[in-house]
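*Asks:*
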Amino acid sequence: MRILVTGGAGFIGSHLIDRLMLQGHEVVCLDNFYTGHKRNLLKWFNHPYFELIRHDITEPIRLEVDQIYHLACPASPVHYQFNPVKTIKTNVIGTLNMLGLAKRVKARFLLASTSEVYGDPEVHPQTEDYRGNVNTIGIRSCYDEGKRVAETLAFDYHRQNGVEIRVARIFNTYGPRMLENDGRVVSNFIVQALRGTPLTLYGDGSQTRSFCYVSDLVEGLIRLMNGEQKGPINLGNPDEYTILQLAQAIQQKINPSAEIRFEPLPQDDPRRRKPDITKANDWLGWQPTVPLQQGLDYTIDDFRARMIDPDAQYEG
Ligand code: NAD
Ligand code: UDP
Ligand code: UDP
Numbered sequence: 007m008r009i010l011v012t013g014g015a016g017f018i019g020s021h022l023i024d025r026l027m028l029q030g031h032e033v034v035c036l037d038n039f040y041t042g043h044k045r046n047l048l049k050w051f052n053h054p055y056f057e058l059i060r061h062d063i064t065e066p067i068r069l070e071v072d073q074i075y076h077l078a079c080p081a082s083p084v085h086y087q088f089n090p091v092k093t094i095k096t097n098v099i100g101t102l103n104m105l106g107l108a109k110r111v112k113a114r115f116l117l118a119s120t121s122e123v124y125g126d127p128e129v130h131p132q133t134e135d136y137r138g139n140v141n142t143i144g145i146r147s148c149y150d151e152g153k154r155v156a157e158t159l160a161f162d163y164h165r166q167n168g169v170e171i172r173v174a175r176i177f178n179t180y181g182p183r184m185l186e187n188d189g190r191v192v193s194n195f196i197v198q199a200l201r202g203t204p205l206t207l208y209g210d211g212s213q214t215r216s217f218c219y220v221s222d223l224v225e226g227l228i229r230l231m232n233g234e235q236k237g238p239i240n241l242g243n244p245d246e247y248t249i250l251q252l253a254q255a256i257q258q259k260i261n262p263s264a265e266i267r268f269e270p271l272p273q274d275d276p277r278r279r280k281p282d283i284t285k286a287n288d289w290l291g292w293q294p295t296v297p298l299q300q301g302l303d304y305t306i307d308d309f310r311a312r313m314i315d316p317d318a319q320y321e322g
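Numbering (my numbering), first residue to last: 7 to 322.
#1: CB R278 to CB P204, shorter than 8 Å?
#2: Just to confirm, is the Cβ distance from Y75 to M184 under 8 Å?
#3: Leaving aside the five residues before and after Q299 along the sequence, list all residues of the same chain whose C-beta is less than 8 Å from its C-beta, in chain order.
#4: Does the beta carbon of I67 fall short of 7 Å from some heavy atom of ligand 2?
#5: CB-CB under 7 Å to A253, same chain, minus the five flanking residues each way: which ones, in chain order?
#6: What distance in whole Å lies between the Cβ atoms of I176 and G100, which are believed to be in contact at a cut-off of 8 Å?
#7: For W289, which residues of its own chain have a beta-carbon under 7 Å away from its beta-carbon, when the five flanking residues on both sides are left out?
#8: DSSP three-state label for P262, please.
#9: If we call anything under 8 Å between Cβ atoms a contact, is P6 one with D245?
#10: Spatial neighbours of Q273 within its chain, please: C-beta separation below 8 Å, excluding the five flanking residues on both sides.
#11: Quick one: give me the first and last residue of the beta strand (DSSP E) that A199 is part of.
#12: Quick one: Cα of P127 to Cα of G237, how far?
#13: Kindly identify the DSSP beta-bridge partner or partners of Y208.
#14: Please tell me whether I306 and I260 are closer than 8 Å, where the distance is taken between their beta carbons.
#15: Of all the options A311, F17, T12, R8, which has the alpha carbon lying nearest to the alpha carbon of Y219?
#16: Suppose the cutoff is 7 Å on Cβ atoms and the five residues either side in sequence are ignored; what does the same chain contact list for S216 look like?
#17: Does T284 come out as helix, strand or coil in the three-state DSSP assignment?
#18: Within the present structure, is the beta-carbon of G240 separated from the nearest heavy atom of ligand 1 by less than 7 Å?
#19: How is D37 classed by DSSP in three states: helix, strand or coil?
#20: Nearer than 7 Å: is that true of the beta carbon of G237 relative to any heavy atom of ligand 1?
#21: Hey, how far is the Cα of I59 from the Cα of I67?
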C-alpha cells in the first residue's frame, strides 16, 4: 500500500513511519518541520519506498495514496499556544485539505484526535461517549476546539461523501525522540534532571495523567486503521499517576537529590485524565504492554544518548 503520514517527522509520526516501512509499505511523509525534524527519518532517506515532502497542510496538495494517517499538528501546549491561530488553521483547514484528498483518491483516513476533546473532564475515567468540558475561549482551546472540529469534519466527510474514517483519541504519549524543548511534562522532567536543574512542577502536583509509551500507541493506531470500527476510540495507558509521582519517579531514576520547584498551574490545566480503553480492548484486541517504569528507562536512555550526540538514533 502507499500510505501518507502527515506530521511524519514528529514524535509519534516518525515511530509510526518506522513500523509502516518495516511492514514493507510505500510511505509518503508530509511535514512543515514546525516541531518535527528530518533526523527522525534519517534512516529512510535512501530507501526507494520512502518520500519526504516539505509541505504545510494548510495548503492543498494532490497525491495518490491508499491510506492517510493524519497527525500534523503541534501537540505540546508550549508549541500549540505559540501561534494559536496557526494551530486552528492546521486543525481546520489542514484537516479539510487532507479529507478532500481522501475523498478524491478514496483513501482511508485516520485522524489523530486527542483526550483534550474531553477538556477538564467531569467523568472519570473518560469514555468515548462523554462529550467533554472544554473552555471555548481559553488558551488551550485553539488545540482542543481545533481537534473537536477536526473530528466533526471527519464524520461529515464520512456521512456526506462516504470517506472511510478512523478517529483515535490519543492520551498523553511519551518516548524516545521527544524534543528537548518539547515542553511536555515527561521530556521536561527528564531533561531537567539530566542537566541538574530543578524539576518544574506546575501547581501542587496532585493533577493526574496517564502515560502511554509510544510503541504501544503506534500499535493501536495501526490496528485501528486496519480494523472495521471508525471510532472515536480512546488509545492510552489507563495507569494513572499524579504529576508529583511522575516527578519523584524520574528523580529516583536520574538524580535522587534533584530539586523540585513548584510553579503556578497554567490556565485550564485538566485536573485528571485516564482513558477507559474497554472499546480498544474489545474492538481491536489492544492494550498497552510497556509499564511506565520501563518506558521511562527507554526514554531516559534516548535523552542521554542525544545529549552526547544530537543525531543519535535510539532503537529501544
Ligand atoms: P509533534 O509535535 O512531535 O508532531 C507533529 C508534527 O506535525 C511535527 O512533525 C510538525 O512539524 C508537523 N506539523 C505541524 N503543523 C503542521 C502543518 N501545518 N503542516 C505540516 N506539518 C505540520 O507531536 P506528536 O506528539 O507526535 O503528535 C502527533 C499527533 O498526535 C498530533 O496530531 C497530536 O495532536 C496527536 N496527539 C498526541 C498526543 C501526545 O501525547 N503525544 C496526545 C494526543 C494527541
Ligand atoms: N484538496 C486537496 N487535495 C486533493 C483534493 C482536495 O488538497 O487532492 C483540498 C481542496 O483544495 C479543498 C479541500 O481539500 O480546499 C476540500 O476539498 P473538497 O473537494 O471536499 O471541497 P471543495 O474543493 O469542493 O471545496
Ligand atoms: N507539567 C508540569 N511541569 C512541566 C510541564 C508540565 O508540572 O514542566 C504539568 C502540566 O501542568 C500538566 C501535566 O504536567 O498538569 C501534563 O502536562 P503536558 O504539557 O505534558 O500535557 P497536557 O497538559 O496536555 O496533558
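Quick reminder that beta carbons are idealized off the backbone N, C-alpha and C, glycines included.
Model, not experiment: these values are computed from the prediction.
*Replies:* Inspection of the coordinates gives the following:
#1: Here residue 278 refers to the residue found at position 272 when the sequence shown is read from its first residue. Here residue 204 refers to the residue found at position 198 when the sequence shown is read from its first residue. No, Cβ-Cβ distance for R278 and P204 is not below 8 Å.
#2: The residue labelled residue 75 in the question sits at position 69 within the sequence shown. The residue labelled residue 184 in the question sits at position 178 within the sequence shown. No, these two residues do not count as a Cβ contact at 8 Å.
#3: For the purposes of this step, residue 299 is taken as residue 293 along the sequence shown, with counting starting at 1. A255, listed in sequence order.
#4: For the purposes of this step, residue 67 is identified with residue 61 of the sequence shown, where counting begins at 1. Yes.
#5: In the sequence shown, residue 253 corresponds to position 247, counting from 1. Here the set comprises F195, L205, L207, G211, I266.
#6: Stepping through the sequence shown from its first residue, residue 100 is reached at position 94. Stepping through the sequence shown from its first residue, residue 176 is reached at position 170. With a Cβ gap of about 17 Å, G100 and I176 do not count as contacting.
#7: Here residue 289 refers to the residue found at position 283 when the sequence shown is read from its first residue. Excluding positions up to five away in sequence, the list reads G233, Q235, I239.
#8: Against the sequence shown, residue 262 aligns to sequence position 256. Coil at P262, not helix or strand.
#9: Because the chain is modelled from 7 through 322, residue 6 falls outside the range shown and cannot be assessed.
#10: Numbered from 1 along the sequence shown, position 267 holds the residue referred to as residue 273. Result list for Q273: G144, I145, R146, in chain order.
#11: As a first step, residue 199 is located in the sequence shown; it is residue number 193 there, counting from the start. Looking at the DSSP string, A199 is not in any beta strand (DSSP E); the run it does join, the alpha helix (DSSP H), is 191-201.
#12: Position 121 of the sequence shown, counting from 1, holds the residue named residue 127. Position 231 of the sequence shown, counting from 1, holds the residue named residue 237. Their Cα atoms are separated by approximately 19 Å.
#13: By one-based count along the sequence shown, residue 208 stands at place 202. BP columns for Y208 point to E269.
#14: By one-based count along the sequence shown, residue 306 stands at place 300. By one-based count along the sequence shown, residue 260 stands at place 254. Yes, Cβ-Cβ distance for I306 and I260 is below 8 Å.
#15: Counting from 1 along the sequence shown, the entry for residue 219 is found at position 213. Among A311, F17, T12, R8, the Cα nearest to that of Y219 is on F17.
#16: What you label residue 216 is simply residue 210 of the sequence shown in a count that begins at 1. So the list reads F177, N178, G242, N243, P244, D245, E246, R279, K280, P281, once near-sequence residues are dropped.
#17: Here residue 284 refers to the residue found at position 278 when the sequence shown is read from its first residue. Helix, per DSSP.
#18: Position 234 of the sequence shown, counted from the first residue, corresponds to residue 240. According to the sequence provided, residue 240 is Asn. The question's Gly does not apply to it. No, ligand 1 has no heavy atom inside 7 Å of this Cβ.
#19: Taking the first residue of the sequence shown as 1, we reach residue 37 at position 31. Reduced to three states, the DSSP call for D37 is strand.
#20: Start at 1 with the first residue of the sequence shown, and residue 237 comes out as number 231. No, Cβ of G237 sits at least 7 Å from all heavy atoms of ligand 1.
#21: As a first step, residue 59 must be located in the sequence shown, where it is residue number 53. As a first step, residue 67 must be located in the sequence shown, where it is residue number 61. Taking the straight line joining both Cα atoms gives about 11 Å.
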